[in-house]
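Enquirer: For the sequence shown, the working numbering assigns the number 622 to the last residue and increments by one with no breaks. Quick reminder that beta carbons are idealized off the backbone N, C-alpha and C, glycines included.
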Amino acid sequence: HDHDDQDLDPHVWLDPIRMELAVGEVADALADRFPDRAWDEPAEEITTGLRAADALIREILSVVPEERRQLVTSHDV
């Protein structure tokens, strides 16, 4: 993938907290497009899952000293 546009994060989907914002945006767009369907409850369920994932990630990383935390990728970031 291309990293030319510095304003966009192509890896936003890796951050549960940032994805919470996306869930709200998608739910709003779906509600506009399909007003006869309920989107709040599914969006809240996804948000709850994202928050749980974030808590688990933080718990796992908490045992690694900050100076030992390194990000490994398969390409330059």
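State whether the stretch 597 to 609 contacts the stretch 575 to 588, with contact taken as three or more CB pairs (one from each stretch) at a distance under 8 Å.
Expert: no
Enquirer: Which same chain residues, not among the five before or five after ALA583, have their C-beta less than 7 Å away from its C-beta?
Expert: none
Enquirer: With 16 as the cutoff for other CB atoms within 10 Å, does ALA574 come out buried or exposed?
Expert: Flag for ALA574 reads exposed.
Enquirer: Can you tell me where the alpha helix (DSSP H) with LEU595 in it begins and where it stops?
Expert: Taken as a continuous stretch (DSSP letters only), the alpha helix (DSSP H) holding LEU595 covers 585 to 607.
Enquirer: For ASP588, count neighbouring C-beta atoms within 10 Å of its own C-beta (all shown protein chains included) and say buried if the count is 16 or more, exposed if not.
Expert: As written in the sequence, residue 588 is Ala, which differs from the Asp given in the question. Looking at its Cβ environment, which holds 16 or more other Cβ atoms inside 10 Å, ALA588 is buried.
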